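Reading through the structure tokens given below for one structure.
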Amino acid sequence: MNIDRLKIASAYTSLGVPAESATAIATAIGEAYDAAEKDMASLKDLEVITAKTEAAINAAVNRQIIWIAGIAFTVIGVMIALKLWA
353 MNIDRLKIAS AYTSLGVPAE SATAIATAIG EAYDAAEKDM ASLKDLEVIT AKTEAAINAA
413 VNRQIIWIAG IAFTVIGVMI ALKLWA
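According to the working numbering, the residues represented by the sequence shown are 353 to 438, in order.
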């Protein structure tokens, strides 16, 4: 997105700010926005972050399922062993 520095300068001039000062203010605002825009995340950045987060969550869920299934089989195995041993 581009900042229309001419509109900003015109708005300040219409408020009674001298043209030279209005231009300097508009330039400063535009430069500040340009510098800040470099640090902003784009929609593509957010989509990549979302995909990575979803992948990490899915991996954690899968690990939990495997862990719970392993515990269940172990408990069943112990129960069967105790039944056969007794």
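C-beta: ideal position from N, C-alpha, C; glycine also. Quick caveat: nothing in here was measured; it's all calculated off a predicted structure.
Below 8 Å between beta carbons: does that hold for residue i and residue j?
i	j	result
Y364	I355	no
A374	A361	yes
R415	T379	no
Which two residues bound the contiguous alpha helix (DSSP H) that contains residue i?
i	result
N410	L395 to W437
L358	R357 to S366
Measuring alpha carbon to alpha carbon, tell me which of the options ends up nearest residue i.
i	options	result
I381	T402, L436, V427 and K359	K359
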